[in-house]
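Shown next, in structure tokens, is the structure this report addresses.
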Amino acid sequence: MSPRHETSHPAQTEALAADLAGGLQAGDVVLVEGEFGAGKTTFVRGACRALGIDGVVTSPTFTIGQRYRASVPVSHLDLYRVADLGSEDPDLLADYIGPDRIAFVEWPENAEATLAGLSRLAARVVIEHAGGDRRVVTIEAP
Numbered sequence: 128m129s130p131r132h133e134t135s136h137p138a139q140t141e142a143l144a145a146d147l148a149g150g151l152q153a154g155d156v157v158l159v160e161g162e163f164g165a166g167k168t169t170f171v172r173g174a175c176r177a178l179g180i181d182g183v184v185t186s187p188t189f190t191i192g193q194r195y196r197a198s199v200p201v202s203h204l205d206l207y208r209v210a211d212l213g214s215e216d217p218d219l220l221a222d223y224i225g226p227d228r229i230a231f232v233e234w235p236e237n238a239e240a241t242l243a244g245l246s247r248l249a250a251r252v253v254i255e256h257a258g259g260d261r262r263v264v265t266i267e268a269p
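For the record, in the sequence shown the residue sitting at position 127 is 254 according to my numbering, with numbers rising by one throughout.
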């Protein structure tokens with residue numbers, strides 16, 4: 128898979144995520160970056176569908192995260208409101224990241240070192256607005 132893609136519809140963004148999800152395993156963490164409204168949760172929703180989650184997948188903006196049941200449990204975190212994980216309770220992420228689950232982390236910029244110490248960073252996804260419904264999605268191994 129090429130690291131850079133252009134999508135023009137949310138379904139295409141979800142399909143890219145599904146392709147990535149096919150190679151993930153328990154213990155993997157995917158960092159998902161992009162400005163507000165870029166499509167981070169759309170991307171995570173596509174990955175969740177590919178991982179067997181058929182319920183509603185929503186942004187955990189006002190909570191730290193969501194957990195979804197599947198053959199390999201999936202966590203979806205939003206760290207926008209967490210300025211510094213170092214000043215938080217060390218167990219803050221314990222229910223979301225670990226060797227038994229796959230985790231997608233939105234707004235990981237201030238937590239990458241901590242996340243890397245908890246699990247395997249499998250991919251970094253950067254989603255950028257490209258006008259209208261178009262997005263540029265870059266998927267790279269860290």
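Just so it is clear, CB atoms sit at the ideal spot from N, CA and C, and this is done for glycine as well.
Between the alpha carbons of A230 and A142 lies a distance of about 18 Å.
The alpha-carbon separation between A257 and V264 amounts to approximately 10 Å.
Here R262 carries a strand assignment [DSSP, helix/strand/coil]. Just measuring C-alpha positions, the residue of L147, E133, Q193 and Y207 sitting nearest A221 is Q193.
Counting only the Cα atoms, L245 lies some 7 Å from G225.
Counting the other CB atoms within 10 Å of its CB gives T188 a total below 16, which places it among the exposed residues. By the C-beta criterion, the region 232–239 is judged not to be in contact with the region 132–142, since fewer than 3 inter-stretch pairs fall below 8 Å. The C-beta of D181 has fewer than 16 other C-beta atoms within 10 Å across all chains shown, which makes the residue exposed.
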